[in-house]
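Just so we're aligned, residue 1 is where the sequence shown starts under my numbering, counting upward by one.
For glycine and all other residues, C-beta sits at the position ideal for the given N, C-alpha and C.
Take a look at the structure below.
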Amino acid sequence: MAWLLDWAECASADGQYLCYICTAISINLLLAVAIGYRFARWPCVVLFFRLRGYVERKLGRKWRRNRRARQRDRQLDVDEKVKYDAFVSFSSHDEAWVMGELALSLDRQGHPTLHHHGTSGMR
């Protein structure tokens, strides 16, 4: 370690010493990451998934219960707003079939429908 301090005293500027220290730290950090990736990659992956499973077991029940309750409330809100079971959009060429067969069949089965009469640009 003495050689490091001797070099720092010989350096003409503090900026050079700072660059040297930052470069040395960066190289050591890069080397540590490379060695860690080579030897500890799979144990880290396994540890990650084990911790994830633990957290999901502890917090997941509450989270799923709250999520299901929110979905149930949202579904009730949607059910209250729904007035029709089907929306039928059709061209004027298909009007006879839609109004004659499809709409009557759906009405007989108890499904209220909303009809949208579209116009075709082709004549």
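{"Check": "Contacting residues, own chain, Cβ-Cβ under 8 Å from R52 (five flanking each side not counted)", "Outcome": "none"}
{"Check": "Through-space distance from D73 to S92, alpha-carbon basis", "Outcome": "40 Å"}
{"Check": "Inter-residue spacing [alpha-carbon to alpha-carbon] between Q109 and E56", "Outcome": "45 Å"}
{"Check": "Whole-angstrom distance between Q71 and V88, CA atom to CA atom", "Outcome": "27 Å"}
{"Check": "Distance, F90 Cα to R123 Cα", "Outcome": "Unreliable positioning characterises R123 in this predicted model, as indicated by a pLDDT of 35, which lies under 50. The coordinate reading is nonetheless provided below. Cα to Cα, the separation comes out at about 15 Å."}
{"Check": "Residue from M99, I35, A86 whose Cα sits closest to the Cα of H111", "Outcome": "A86"}
{"Check": "DSSP three-state assignment for Q16, whether helix, strand or coil", "Outcome": "helix"}
{"Check": "Simplified DSSP state of Q109, which is helix, strand or coil", "Outcome": "coil"}
{"Check": "Alpha-carbon spacing of K62 relative to I21, whole angstroms", "Outcome": "49 Å"}
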